[in-house]
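Chemist: Number 116 in full-length UniProt numbering belongs to position 116 of the sequence shown; there are no gaps in the numbering. We treat Cβ as the ideally placed atom computed from N, Cα and C, and that holds for glycine.
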Amino acid sequence: MRYVQILFGFFAATTLVLSVVMLYEPKSAWYNYFNIIENDKFVSIIYGSALVGEFSLQAGAALWPERYLQAILTFMLPYKLVCSLTMLYAWKFDWFPDRGRDCLLIALNYFIPFVLIVLVVVVEGNHKAISKDKEMKQS
Numbered sequence: 001m002r003y004v005q006i007l008f009g010f011f012a013a014t015t016l017v018l019s020v021v022m023l024y025e026p027k028s029a030w031y032n033y034f035n036i037i038e039n040d041k042f043v044s045i046i047y048g049s050a051l052v053g054e055f056s057l058q059a060g061a062a063l064w065p066e067r068y069l070q071a072i073l074t075f076m077l078p079y080k081l082v083c084s085l086t087m088l089y090a091w092k093f094d095w096f097p098d099r100g101r102d103c104l105l106i107a108l109n110y111f112i113p114f115v116l117i118v119l120v121v122v123v124e125g126n127h128k129a130i131s132k133d134k135e136m137k138q139s
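1. Using the three-state DSSP reduction, which class does E25 fall into: helix, strand or coil?
2. Looking at the structure shown, is W91 part of a helix, part of a strand, or coil, going by DSSP?
3. Using the three-state DSSP reduction, which class does F11 fall into: helix, strand or coil?
4. Is G9 near A50, with beta carbons less than 8 Å apart?
5. Closer than 8 Å is the cut-off here; do at least three beta carbon pairs connect the stretch 52–71 with the stretch 92–107?
6. Ends of the alpha helix (DSSP H) at R67?
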């Protein structure tokens with residue numbers, strides 16, 4: 001579970017920074033993070049607040065991976081995948097003609113953590129399976 005702890009420790013730290021910035025200075029958060037000019041403080045505050053919840057799951061997974069990994073897999077994987085696919089769909093069908101680049105950046109921002117979570121869970125699962133196999137052979 002060491003890889004899970006490292007990955008989610010990193011995610012928790014970056015999510016905490018982003019959520020604090022979005023709640024403290026909503027207007028500049030979008031520009032600094034996505035290089036998007038966004039004036040909607042309302043959306044930034046809602047998103048920043050949601051990130052605090054995401055941070056708590058990530059911090060929990062970093063500290064107690066066995067306890068929190070199920071919540072991560074049932075909440076964050078679908079959430080990240082759906083956000084990525086929706087933004088790609090919006091880009092492809094030109095929902096926001098003047099914001100195509102923004103759609104791609106946000107899709108990428110959500111897809112990278114999705115892929116990392118899947119890879120880490122697969123690697124951890126393989127390590128567990130290998131160690132169980134070794135234990136069975138030794139007995």
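Modeler: So, to answer that:
1. Walking along the sequence shown from the start, residue 25 turns up at place 25. Residue state, collapsed to three classes: coil.
2. Here the question's residue 91 lines up with position 91 in the sequence shown. Three-state DSSP puts W91 in a helix.
3. Sequence index remark: in the sequence shown, residue 11 carries index 11 (1-based). Looking at F11 - three-state DSSP - the assignment turns out to be helix.
4. In the sequence shown, residue 9 corresponds to position 9, counting from 1. In the sequence shown, residue 50 corresponds to position 50, counting from 1. Not a contact, by the Cβ cut-off of 8 Å.
5. no
6. Residue mapping note: residue 67 aligns to position 67 of the sequence shown, counting from 1. Start and end: 65–71.
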